[in-house]
Each structure stands twice: as C-alpha cells, then as structure tokens.
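Here the structure is laid out as structure tokens; the discussion comes afterwards.
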Amino acid sequence: MRPRGETGPLGSTAARKFFEDNFLPVRIRKLGDAAGFLTGYYEPIVDGSRFPTREFTVPLYRRPPDLLAAGATQPGGPFPNSGRAFRRTADGELAPYYDRGEIEDGALDGRHLEICWLHSATDALFIQIQGSARVRLEDGTMLRLNYDAHNGYPYVPVGRVLIDRNIIPREEMSMHRIREWMQANPDDAKDVRRQNRSVVFFRIIGLNDDREPLGAQGIRLSAGRSIAVDKALHVYGTPFFIEADLPIAGANASTPFRRTMIAQDTGSAIVGPARADLYFGAGDEAGQIAGRIRQPGQFALLLPRDLDPVAAGTHMPLPPVRRPASLPLAAPSPAGTTGRDRLESKSEPIPVRSDRGHGSRRLIR
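Going by our numbering, the first residue of the sequence shown is number 25, and it counts up by one from there.
Put into structure tokens, the structure is as follows:
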C-alpha cells in the first residue's frame, strides 16, 4: 500500500496489491440465475440551438415548477430517479404528471421551460435514456446537461417494443439500429416512442466543460471504470470485479472484459443484485459500443476483509421454498421471509484479477 499521507495514482502492480490485501471477492447473483446482466451507457454529444429554428425543432426541458415527487409536499429539492410524480390541478387535487405523448403534443408549451432545441425527437429520447448530454450550440459553446427529475412513469425500452412488434430482430437490436429505423420511419417512430411514457427533465451544470459527467454519487464518472447499480442494494463507492465477453470491437466481436469497476451511478432500469450499466464515455464511438452491450456477466463484490459475509448472512432471512404446483400451499411464511431478490454469496474466495492497463482494454481513452 502507499505510505500514509502520500497521494496520487497507483501503478497497476500497486493497485492490484491494494485490492488483494484489503478486499475479499464474493460472487453474487440473483437466486436462480447463473449469471448477472450487463448493459452499457454513455453521454451523447449532439448539435443544438438556444432557440427553435427550421433545423432545430425539438426541445429539452428543465424541471417544471409544478412537478411533485411522490410523498413531497412542495416542488423543488432532490428528485428520486423512480417512483410516481404529480401536478396539482386548478381545484387543488393531485393528478399524474403529463406523459411523453402529452408533452410532445404541447402540454408544456408557453411555460418557458426549454433549455435548448435539438434536431430530432430521437436525439431527445436517447439523451433522456442516458441521463446527461453535451449540446454543441450554434456559436460553438458546449452546454452540459444532467438529470434533474422525471415525470413519474416507468421506463419502457423502445427496443423491446420494436422486438415485440417484429420490426427489428432481437439479435440485431442496438441503439444504432433503433436510430436508423426511427430516421427511416418517422411516423411509426412517433408511436413507438410514446410507448415509453417516461420523460426526463434536465439542469445546466456547466459550459465548455469537457470533463466526464457527474454520477449519482456526486463524483465524475470514469470511462471504462464506472458502473451504475441498484442503489437499493449497493452502496456507492463499492468495487466490483466483472467478467464477461462483450461486443466491444464490433457487433460480432467477443472481447474479454475482466475488470475492477466502481459503483458510482444508478438508473431506474438497473434493478437487482448482479445488474450493472457500464459507462463507456462520451460521443458517438462510446454510444456505438454502449448500444451493443446486452450480455451476461459474472459479478464479484469486493468486500473489506474485516467484514465477514458469512456471519452477516446468518441473520438474513431466506425466501420461502417454492413448492411444486401439484402440492397444496403451506401456511404463510413468517414475517420477514419474503421472496425479494437477495445477494447469494459464497464463502469461498475467488482469485482476484486486475486489468493491467493494456491499450486494447481501454474502452474509450
């Protein structure tokens, strides 16, 4: 380990020794699953305008002042990334907030909530899915936007809609393929887009700032090292070791991915113990890689060695045993033994491997 008081980055050998000396890797997965699941995300960089023009016609909105999170009594303040959202009607009653179709049809028009204007509704949709963006304005200024709130509807992947409607085969699905189809079929794309009723609102976090975006932890993400996890199950800053074979070099590639990652972000679609969104950086190249990632992966949670996961697990209730359908149901389980997803840990340690920094394994940089 580095001597106390000394700062600065560790070399690959020292970093590996730090993790091997101080952490115990414990395999995790959802009960009943052989592996976890990985997707990718990135920060889009798009052209835009401060004002609507014939070229830039689709707005991105800041948080409406009448938007209320579930349980809140007043607008404003931090906004959760999931759960319902409301508006107060003229008679004082709470009503669900406007959905995507209503907003696209003008529900927010005339309220001066537009931050900027983009080329297309597809650009706006992808920025909302990713949760942040860099918008290059007409005078060259780079506008940095980040998530601020949402309208209270669950996220529905448009890729799933296209697969269910037999429009794009599952094996061809990617963000690039979705964009191509939406550009070629603007009328049908409008209906597909509206199946995802969720809309994200943004705030300006900087100008001409080319650093990586802030994650939910409040720390800037690192391309190829940061992951989004289920914050109901995991603590920000937790290291994970992830093993998978990913289509990084191309759609048909199978690139070995063996890397220590840090939990620094979250997302409404990231649910479960062995579920992660890998951050690949900003721009089109990162977007092409991120859009191809939908693969199983093995997860190892790196726990401080002074924590004993086996001892902690002895106090954790297990879900009830599933009985065959032909057998009569037993009496209800005691309180606290629900069937929620749990971390399934094994007491035996696994070998710790670390990325040695080979250029071919650097995803963006």
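Heads up, the beta-carbon is just placed ideally off N, CA and C, and yes, glycines get one too.
None of the values given here were measured: they were computed from a predicted structure.
- Query: If you count every other CB in all the chains shown that lies within 10 Å of the CB of G321, and 16 or more means buried, which is it?
  - Reply: Against the sequence shown, residue 321 aligns to sequence position 297. Around the Cβ of G321, a 10 Å sphere holds 16 or more other Cβ atoms; the residue is buried.
- Coarse secondary structure for M166, derived from DSSP in three states: Position 142 of the sequence shown holds residue 166. Strand.
- Message: Checking the sheet assignment: what are the DSSP bridge partners for Y65?
- Response: Indexing the sequence shown from 1 puts residue 65 at position 41. BP columns for Y65 point to Y303.
- Message: As an exercise, report each continuous beta strand (DSSP E) stretch of at least 3 residues that is fully enclosed by the segment 73–124, in chain order.
- Response: Segments of the beta strand (DSSP E) lying fully in the segment 73–124: 82–85, 109–112 and 118–120.
- Task: Just the C-alpha distance for A355 and K54, rounded to the nearest angstrom, thanks.
- Result: Here residue 355 refers to the residue found at position 331 of the sequence shown. Here residue 54 refers to the residue found at position 30 of the sequence shown. Note on A355: pLDDT 40, under 50, position unreliable in the model; no value is reported.
- Item | Sub-8 Å separation of L132 and F110 beta-carbons | Position 108 of the sequence shown, counted from the start, is the residue given in the question as residue 132. Position 86 of the sequence shown, counted from the start, is the residue given in the question as residue 110. A distance of 8 Å or more separates the beta carbons of L132 and F110.
- Query: Using the C-alpha atoms, what's the distance from I52 back to I266?
  - Reply: Against the sequence shown, residue 266 aligns to sequence position 242. Against the sequence shown, residue 52 aligns to sequence position 28. When the Cα atoms are used, I266 and I52 turn out to be separated by approximately 11 Å.
- Item | Three-way DSSP call (helix, strand, coil) for H143 in this model | Position 119 of the sequence shown, counted from the first residue, corresponds to residue 143. In this structure, DSSP gives H143 a state outside helix and strand, which the three-state scheme calls coil.
- Message: With a threshold of 6 Å on Cβ separation, who are the neighbours of Q241 within its own chain once the five nearest residues in sequence on each side are excluded?
- Response: Against the sequence shown, residue 241 aligns to sequence position 217. Excluding sequence positions up to five before and after Q241, its CB lies within less than 6 Å of the CB of Y260 and Q288, all in the same chain and listed in chain order.
- Span of the alpha helix (DSSP H) holding I20? As shown, the chain starts at 25 and ends at 389. That puts residue 20 outside it, with no answer to give.
- Taking Cβ positions, are I187 and R201 nearer each other than 8 Å? Along the sequence shown, read from residue 1 onward, the residue named residue 187 stands at position 163. Along the sequence shown, read from residue 1 onward, the residue named residue 201 stands at position 177. Taking 8 Å as the Cβ cut-off, I187 and R201 do not qualify as a contacting pair.
- Item | Euclidean distance between Cα positions of R394 and R124 | One cannot answer for residue 394 here, as it falls past the ends of the chain, which runs 25 to 389.
- Item | Cα-Cα separation, D252 to L302 | For the purposes of this step, residue 252 is taken as residue 228 along the sequence shown, with counting starting at 1. For the purposes of this step, residue 302 is taken as residue 278 along the sequence shown, with counting starting at 1. At residue 252 the sequence reads Ala, which differs from the Asp that was named. If I take the Cα positions, the gap works out to 7 Å.
- Item | Exposure label - L34; buried when at least 16 CB within 10 Å | Start at 1 with the first residue of the sequence shown, and residue 34 comes out as number 10. The residue is exposed, with fewer than 16 neighbouring Cβ atoms inside 10 Å.
- Could you work out which residue in L327, Y65 and L48 is closest to T290 when comparing CA atoms only? The residue given as residue 290 occupies position 266 in the sequence shown. The alpha carbon of T290 has as its nearest neighbour, out of L327, Y65 and L48, the alpha carbon of Y65.
- Determine the contact status of G72 and L161, defining contact as a CB-CB distance below 8 Å. As a first step, residue 72 must be located in the sequence shown, where it is residue number 48. As a first step, residue 161 must be located in the sequence shown, where it is residue number 137. Yes, the Cβ-Cβ distance between G72 and L161 is below 8 Å.
- Label P76 either buried or exposed according to how many other C-beta atoms from any shown protein chain fall within 10 Å of its C-beta, with 16 as the threshold for buried. Residue mapping note: residue 76 aligns to position 52 of the sequence shown, counting from 1. Exposed is the call here.
- Message: DSSP has E267 in a bridge; who is on the other side?
- Response: On the sequence shown, residue 267 is found 243 positions in, with the first residue counted as 1. DSSP, once it has assigned bridges, lists R282 and Q322 as partnering E267.
- Item | Residues near R203 by beta carbon distance below 7 Å, same chain, minus five either side | Counted from its first residue, the sequence shown places residue 203 at position 179. Within the same chain, and ignoring the five residues on either side of R203 in sequence, the residues whose Cβ sits closer than 7 Å to its Cβ are T146.
- Message: Excluding the 5 residues flanking N170 on each side, which residues of the same chain have their C-beta closer than 8 Å to its C-beta?
- Response: Taking the first residue of the sequence shown as 1, we reach residue 170 at position 146. Listed in chain order, the non-local C-beta contacts of N170 below 8 Å within the same chain comprise G155, S156, F226, R227, I229, P237 and L238, local neighbours out to five positions each way being set aside.
- Message: How far does the beta strand (DSSP E) with G230 in it extend, from its first residue to its last?
- Response: To locate residue 230, count along the sequence shown from 1; it is residue 206. Where G230 is concerned, the enclosing beta strand (DSSP E) stretches over V224 to L231.
- Message: Quick check: what's the CA-CA separation for I69 versus L142?
- Response: Reading the sequence shown from its first residue, position 45 is the one you call residue 69. Reading the sequence shown from its first residue, position 118 is the one you call residue 142. Separation of I69 and L142 (C-alpha to C-alpha, rounded to the nearest whole angstrom) is 11 Å.
- Query: Within 10 angstroms of its Cβ, does H339 collect 16 or more other Cβ (buried), or is it exposed?
  - Reply: If you number the sequence shown from 1, residue 339 lands on position 315. Exposed: under 16 other Cβ atoms inside 10 Å.
- Task: Let me know the secondary structure DSSP gives A335 once reduced to three states.
- Result: Counting from one through the sequence shown, the residue named residue 335 turns up at place 311. When secondary structure is reduced to three states using DSSP, A335 falls in the helix class.
- Note the first and the last residue of the continuous alpha helix (DSSP H) segment covering V185. Position 161 of the sequence shown holds residue 185. Counting along the chain, the alpha helix (DSSP H) containing V185 begins and ends at V182 to D188.
- Task: Leaving out five residues on either side along the sequence, give the residues of the same chain with a beta carbon under 6 Å from the beta carbon of P83.
- Result: Working through the sequence shown from its first residue, we reach residue 83 at position 59. Correct list, in chain order: E138 and W141.
- Task: May I ask which residues mark the beginning and end of the beta strand (DSSP E) holding S156?
- Result: Counting from one through the sequence shown, the residue named residue 156 turns up at place 132. Note, S156: beta strand (DSSP E), S156 to R160.
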